[in-house]
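What follows is one structure encoded as structure tokens, with my remarks underneath.
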């Protein structure tokens, strides 16, 4: 017991960076970072939609053939899917109280994010390479 009183660290120092799930503020910062990244990427997405509005498939394919537009749209999709996955994970962790269903929902959340992300990435790459 005397050993506890001789420690230099405060209780806060010993637990800093460790939340209830031992991940600290990592999710918080990733959520904020993806949200900030989405601001200019969403503007680029709106510009792309307005630029190709009424032009059909050929106009979109021609625009995405430009590597700049393709990379911007890939970043838009990847950051959007990351943001979605993190947000849904927080909701599931907050509102699912039983461990079994919570674990199942978290797995489904990850699979859904991967599926949506891959489908969007494949579609963008297919349009940009003209396949």
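Residue numbers (my numbering): 583 to 713. Every residue, glycine too, gets a C-beta built ideally from N, C-alpha and C. From a predicted model like this one, the values you see are computed outputs, not experimental measurements.
>> Going by beta-carbon coordinates alone, are residue 616 and residue 664 separated by less than 8 Å?
In response: yes
>> Taking a contact to mean a Cβ-Cβ separation below 8 Å, would you say residue 630 touches residue 607 in this structure?
In response: no
> For residue 712, which residues of its own chain have a beta-carbon under 7 Å away from its beta-carbon, when the five flanking residues on both sides are left out?
Replying inline: 643, 647
> Which residues in the same chain as residue 657 place their Cβ atom closer than 8 Å to its Cβ, once the five residues preceding and following it in sequence are excluded?
Replying inline: 619, 623
>> Within 10 Å of its beta-carbon, does residue 668 have 16 or more other beta-carbons around it, so buried, or fewer, so exposed?
In response: buried
> Skipping 5 residues on each side, what residues in its chain have a beta carbon closer than 7 Å to that of residue 651?
Replying inline: 630, 645
> Using the C-alpha atoms, what's the distance from residue 699 back to residue 689?
Replying inline: 15 Å
> Under the rule that 16 or more other beta-carbon atoms within 10 Å means buried, what is residue 635, buried or exposed?
Replying inline: exposed
> In its own chain, which residues sit with a C-beta less than 7 Å from the C-beta of residue 641, not counting the 5 before and 5 after it?
Replying inline: 634
>> So for residue 662, helix, strand or coil by DSSP?
In response: helix
>> Using only the alpha-carbon positions, how far apart do residue 682 and residue 692 sit?
In response: 16 Å
> What are the uninterrupted segments assigned as beta strand (DSSP E) that are 3 or more residues long and contained completely in the segment 627-707, given in chain order?
Replying inline: none
>> Taking only three categories from DSSP, how would you classify residue 607?
In response: coil
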